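Residue numbers (our numbering), protein chains in the order written: chain V, 1 to 347; chain Y, 1001 to 1257. No residue lacks a Cβ here, since even glycine has one placed at the ideal position from N, Cα and C. The structure displayed is predicted, hence computed values, not measured ones.
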Amino acid sequence: MTAPSQSLPAAASGTKPLDPRIETISWILLVLVMISVPVWGSIYAVYMACLISINVIATVGLNITVGYAGLLSIGHSAFLGVGAYASALMWLHLGTPLAVNLVIGAVAAFAIGLVFGIPALRIKGVYLAIATLAAQYSLYFVFQQWTSVTGGDRGLSLPKIDVFGFGDTGFYYVVAFVALIATLAARNLFRTRIGRSFIAVREKDYAAQVLGINVVSTKLIAFGIGAAYAGIAGALLAAFLRIVNPDQFTLVSSVFFLAAVVVGGRGSILGSILGALFMTLMPEFLREIIALVSIEGADLASLLSPLREIIFGSLIVLFLIFEPRGLVGFVDRALGRSENVEARQEH
Amino acid sequence: MTSDILVVSGVDVTFGGIRALSDVSLSVPERKITAVIGPNGAGKTTLFNVISGFYKANSGSVTFAGTDLLSQPAHTRSANGISRTFQNIALFPGMTVAENIKLGAHAQLRTSLFAAGLYLGPAAKEERELEERMDKTVIELLGLQDNRDSSVSGLPYGTQKRIELARALISGPRLLMLDEPFAGLPTTEKATMAAQIRKVVDERGVTVLLIDHDMESIMGMSDQVVVLNFGEVIAAGAPADVQANPAVIEAYLGAEA
Ligand SMILES: Nc1ncnc2c1ncn2[C@@H]1O[C@H](COP(=O)(O)OP(=O)(O)OP(=O)(O)O)[C@@H](O)[C@H]1O
Ligand SMILES: [Mg+2]
Chain V
1 MTAPSQSLPA AASGTKPLDP RIETISWILL VLVMISVPVW GSIYAVYMAC LISINVIATV
61 GLNITVGYAG LLSIGHSAFL GVGAYASALM WLHLGTPLAV NLVIGAVAAF AIGLVFGIPA
121 LRIKGVYLAI ATLAAQYSLY FVFQQWTSVT GGDRGLSLPK IDVFGFGDTG FYYVVAFVAL
181 IATLAARNLF RTRIGRSFIA VREKDYAAQV LGINVVSTKL IAFGIGAAYA GIAGALLAAF
241 LRIVNPDQFT LVSSVFFLAA VVVGGRGSIL GSILGALFMT LMPEFLREII ALVSIEGADL
301 ASLLSPLREI IFGSLIVLFL IFEPRGLVGF VDRALGRSEN VEARQEH
Chain Y
1001 MTSDILVVSG VDVTFGGIRA LSDVSLSVPE RKITAVIGPN GAGKTTLFNV ISGFYKANSG
1061 SVTFAGTDLL SQPAHTRSAN GISRTFQNIA LFPGMTVAEN IKLGAHAQLR TSLFAAGLYL
1121 GPAAKEEREL EERMDKTVIE LLGLQDNRDS SVSGLPYGTQ KRIELARALI SGPRLLMLDE
1181 PFAGLPTTEK ATMAAQIRKV VDERGVTVLL IDHDMESIMG MSDQVVVLNF GEVIAAGAPA
1241 DVQANPAVIE AYLGAEA
C-alpha cells in the first residue's frame, strides 16, 4: 500500500457528537447573548462584538481549510483582502447594497482561493504553508501596487452605512446575523457527505479515494470555502472600518487567524468561536489590566506594554501544552466528553 | 450460469528494478469467492492496488463488468460498484463509527455544497435515509449496534475490521475486495468473519476477491483459489486442486525454508 499517510493527531472532531439538546440550548444562549449586547453593552462593547463576529467568520473558514481538511494555510488574510477590496469597489463604483457586496466578496475570494489552493494538490504540511505565502505576498503586492483600482497604500475610503436607520447598532446586528448564519452553515456542512469527505482527505487520502472521494476537487473546494468565508469577513470588515488598505492584510493578520484556529481547536466549529473570542479579547483584556496597574506611575505603562505581548504569547503556548486540542478540549473535559483522547494517542 | 465479473489480463508492475507483478492474468467469477494466496511479498496487495487504480500497470488490462478500469481514476471505483478493505485497517480515527461507515456511501450521495450548508429538506432527508439504510443493512449484520456512535480510535482490532467491512458493504458493491480479513483475529472471530462474508455472497449476490494467509479459512470458504509467487500466477483452480499442486507446495516450502 502507499505509505500510510500522516493524520493530524487529536483533532477535536472525533469526540462523541454533542447531545442535540445541549447543542440547541447552546445555540439559543449564543443568539440571546448576541442580540442583547447593544442593550447592556457600551459603544465599545458593540464595537468589540462586531470585531469578534467578523473574526469568528474568518476563523471558521480557516478551520475548514486547516482543521478539517488538513491543508495548512498561512495566507488567509489575503483572502480577507480580496473580499474587502471586491466589496468596497462594488460599493464605490456601482453603489450596490451590502448584501450584494458580501456575496461578491465571497465569490471573488472563493475564485482566487481556488487558484492559490492548487499547490495543495501536490504538497502537504509545512511545504504547503510556505506555498500559501505566495497568496499572502502576491495579493499584498496587487493591493499595494494596482493604485488606479485599489488606491495603493492609502487604500479606499467608504461612506458610512446606516442599516434601517439604526446606525452602529443596526450594523452590528447585520454582522452578528451573518456570523451566525456562516457558523451554522459550517456546522451543517459536517453533518453531510461534503464535510465527511474533508476529514477523510485529511486523515487518509488513499482510503478516501476508494470510497469515491475525488481528492483533487475536495481539496480545492475546502480551500475555496475557507477563502470564501475570509471574503465575507473581509467585506464586513471593510464596511465596519470604512477603510480598506493593504496593511490590514499582512502575514501578521494571517498568523492571528491561524493562532485562533489552533488555540480554539482544530476541526471544531465551537473551537473556532472560542479561538476568535480569545484572540480578539485577550489583548484588550491584558491592556486593561496593565492600565489598572499603571495608574500609580505613568511611565510604568510604557514599561509594561511590551510585557503584554509576552504574556499573550506565553498564554497561547501554555494552553497548547496543557490542552493540545485547544480551548474546545477544556469544554469537552468540563462536559466529561474526553473519554477517547488518551486511547487515540496510544494508537 | 456464472460469468466472470472481473478479468485481469497480462498485468505487469515494476518498482524500481523489482518486478512486483509479471504477466498476471486471472478471472473472478460473479457471486463467488475467489482467494488470492501466496508468500509474503508475492504481489497480492500490489494486485489489489492495480485494480483500485493506485498503481500503474506497465502493460495489461483490468476489465470490470465489461468496462476498462485502468483508464479511469481511482475514485471512480466506488461508483462502478467496487469496494475494498486494507491490510492495515484504513479507518478514519477522527470520526465516529457511524461517520466512517457513512463514508462508504459517499459516491451515492448527492447533497450539494449549498444544500449541505442549509441542511433543510433534501440534505437532511438524504442523511436520515442513509442512517436508516446503515442500521438496516450493515450495522446489524456486523453486530456494531453498541459501537455505532463511539469514536473508532481505541476500539478493539476485531471491531475495527468489522467497521471497515461495514464501510465497504454499505454501498451495496458488486465486487468486494478484502485484503487479509482474517489477519490478527482470534479463531472465533475468524469463523464469524467467514460466515459474514459467505452471507453477503449468498444473500446479496456480492462477488468477493480476498487475500489471506489463513489456509484453513481460505480453503473452507473459497470457490476458487489463485496462487501468486514472486509476482507470477503459479496456480489457479478449486481449493482442493490448488492444495495438491506441486508448484504450490514447492512455493510454500521454499518460502518457509
Ligand atoms: N509502493 C511500493 N514501492 C516499492 N515497492 C513496493 C511497493 N509496494 C509493494 N512493493 C514491493 O512489491 C512486492 C510485492 O509487495 P506486496 O505488498 O504486493 O506483497 P504481498 O503479497 O501483499 O505481501 P504480504 O503477504 O506480506 O502482504 C514486494 O517486494 C514489495 O516490497
Ligand atoms: Mg499484502
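Who are the neighbours of V:E203 on chain Y, taking C-beta pairs under 7 Å?
Here residue 203 of chain V corresponds to residue number 203 of the first sequence, with the count starting at 1. By Cβ distance, chain Y contributes F1092, P1093 and G1094.
Short check: CB of Y:V1097 to CB of Y:N1147, under 8 Å?
On the second sequence, position 97 is the one that residue 1097 of chain Y refers to. On the second sequence, position 147 is the one that residue 1147 of chain Y refers to. A contact, by the Cβ cut-off of 8 Å.
Against Y:E1099, what residues of chain V qualify as contacts under a CB-to-CB distance less than 7 Å, listed in chain order?
The residue labelled residue 1099 of chain Y in the question sits at position 99 within the second sequence. The contacting residues are R196.
Chain V beta carbons: is any one of them nearer than 8 Å to that of Y:L1103?
The residue you call residue 1103 of chain Y lines up with position 103 of the second sequence. Yes, Y:L1103 lies at the interface with chain V (some Cβ there is under 8 Å from its Cβ).
Check whether the Cβ of V:N188 lies closer than 8 Å to any Cβ atom in chain Y.
Mapped onto the first sequence, residue 188 of chain V falls at position 188. True, the Cβ-Cβ gap to chain Y drops below 8 Å.
Tell me whether V:I74 sits in a helix, a strand or coil according to DSSP, three-state version.
The count along the first sequence starts at 1 and reaches residue 74 of chain V at position 74. Here V:I74 sits in coil by DSSP.
Kindly indicate if chain Y contains any beta-carbon less than 8 Å away from that of V:G212.
Position 212 of the first sequence, counting from 1, holds the residue named residue 212 of chain V. Cβ-Cβ to chain Y under 8 Å: yes for V:G212.
Would a C-beta distance cut-off of 8 Å place Y:T1085 and Y:L1165 closer than the cut-off?
Locating residue 1085 of chain Y in the second sequence gives position 85, counting from the first residue. Locating residue 1165 of chain Y in the second sequence gives position 165, counting from the first residue. In contact: Y:T1085 and Y:L1165 (Cβ atoms closer than 8 Å).
Any beta carbon from chain V within less than 8 Å of Y:E1232's own beta carbon?
Translated into positions along the second sequence, residue 1232 of chain Y becomes position 232. No, no contact with chain V.
Could you please give the first and the last residue of the uninterrupted alpha helix (DSSP H) stretch that includes V:R193?
Position 193 of the first sequence, counted from the start, is the residue given in the question as residue 193 of chain V. Residues R193 to E203.
So, under 8 Å CB-CB, Y:L1175 and Y:F1064 are touching, yes? Tell me the CB distance rounded to an integer number of Å.
In the second sequence, residue 1175 of chain Y corresponds to position 175, counting from 1. In the second sequence, residue 1064 of chain Y corresponds to position 64, counting from 1. Yes, they are in contact, since the Cβ atoms of Y:L1175 and Y:F1064 sit about 7 Å apart, within 8 Å.
Could you tell me if the beta carbon of V:Q209 falls within a distance shorter than 7 Å of some heavy atom in ligand 1?
Within the first sequence, the letter at position 209 stands for residue 209 of chain V. Not under cutoff, so the answer is no.
Here's the rule I'm using: 16 or more other beta-carbon atoms within 10 Å means buried, otherwise exposed. How should V:Y229 be labelled?
Sequence index remark: in the first sequence, residue 229 of chain V carries index 229 (1-based). So V:Y229 counts as buried.
Under 8 Å, with one C-beta from each stretch per pair, do the region 69 to 82 of chain V and the region 218 to 234 of chain V reach the 3-pair mark?
The region 69 to 82 of chain V, when compared against the region 218 to 234 of chain V, does touch it at the 8 Å Cβ threshold.
Quick one: residues with CB closer than 5 Å to any heavy atom of ligand 1, in chain order, please.
That query returns the following residues: Y:F1015, Y:A1020, Y:N1040, Y:G1041, Y:A1042, Y:G1043, Y:K1044, Y:T1045 and Y:T1046.
Does Y:G1117 come within less than 8 Å of chain V when only Cβ atoms are used?
Within the second sequence, residue 1117 of chain Y is the residue found at index 117, counting from 1. By this cut-off, Y:G1117 is an interface position.
Can you tell me the Cβ-Cβ gap for V:S77 and V:T250, rounded? I've got them flagged as a contact below 8 Å.
In the first sequence, counting from the first residue as 1, residue 77 of chain V sits at position 77. In the first sequence, counting from the first residue as 1, residue 250 of chain V sits at position 250. Their Cβ separation, rounded to whole angstroms, is 7 Å, which keeps V:S77 and V:T250 in contact under 8 Å.
Just checking: is the beta-carbon of V:Q209 within a distance shorter than 8 Å of some beta-carbon in chain Y?
Position 209 of the first sequence, counted from the first residue, corresponds to residue 209 of chain V. V:Q209 counts as touching chain Y.
Classify V:F322: buried if its beta carbon has 16 or more other beta carbons within 10 angstroms, exposed otherwise.
In the first sequence, residue 322 of chain V corresponds to position 322, counting from 1. Its Cβ having fewer than 16 others within 10 Å, V:F322 is exposed.
Say the cut is 7 Å; is the CB of V:I213 nearer than that to a heavy atom of ligand 2?
Counting from one through the first sequence, the residue named residue 213 of chain V turns up at place 213. Checking every heavy atom of ligand 2 against the Cβ of V:I213, none is found closer than 7 Å.
Given a limit of 7 Å on CB to CB distance, which residues of the region 257 to 269 of chain V reach chain Y?
Of all residues in the region 257 to 269 of chain V, G267 have a Cβ within less than 7 Å of some Cβ in chain Y.
Closer than 7 Å: is that where the CB of Y:D1068 sits relative to any heavy atom of ligand 2?
Counting from one through the second sequence, the residue named residue 1068 of chain Y turns up at place 68. The answer is no for Y:D1068.
Take Y:M1219 and list the residues in its own chain whose beta-carbon comes closer than 6 Å to its own, dropping the five residues that flank it on each side.
Here residue 1219 of chain Y refers to the residue found at position 219 of the second sequence. Excluding positions up to five away in sequence, the list reads P1239.
May I ask whether a heavy atom of ligand 2 can be found less than 7 Å away from the beta carbon of Y:Q1108?
The count along the second sequence starts at 1 and reaches residue 1108 of chain Y at position 108. Y:Q1108 Cβ: outside cutoff for every heavy atom of ligand 2.
Relative to chain Y, which residues along the region 90 to 107 of chain V have a C-beta separation below 7 Å, given in chain order?
Cβ contacts with chain Y come from no residue of the region 90 to 107 of chain V.
Between Y:A1123 and chain V, is there a C-beta pair that is closer than 8 Å?
Working through the second sequence from its first residue, we reach residue 1123 of chain Y at position 123. Closer than 8 Å: yes.
How many Å lie between V:L30 and V:L51 at the Cα?
Position 30 of the first sequence, counted from the first residue, corresponds to residue 30 of chain V. Position 51 of the first sequence, counted from the first residue, corresponds to residue 51 of chain V. Rounded to the nearest angstrom, the two C-alpha atoms are 16 Å apart.
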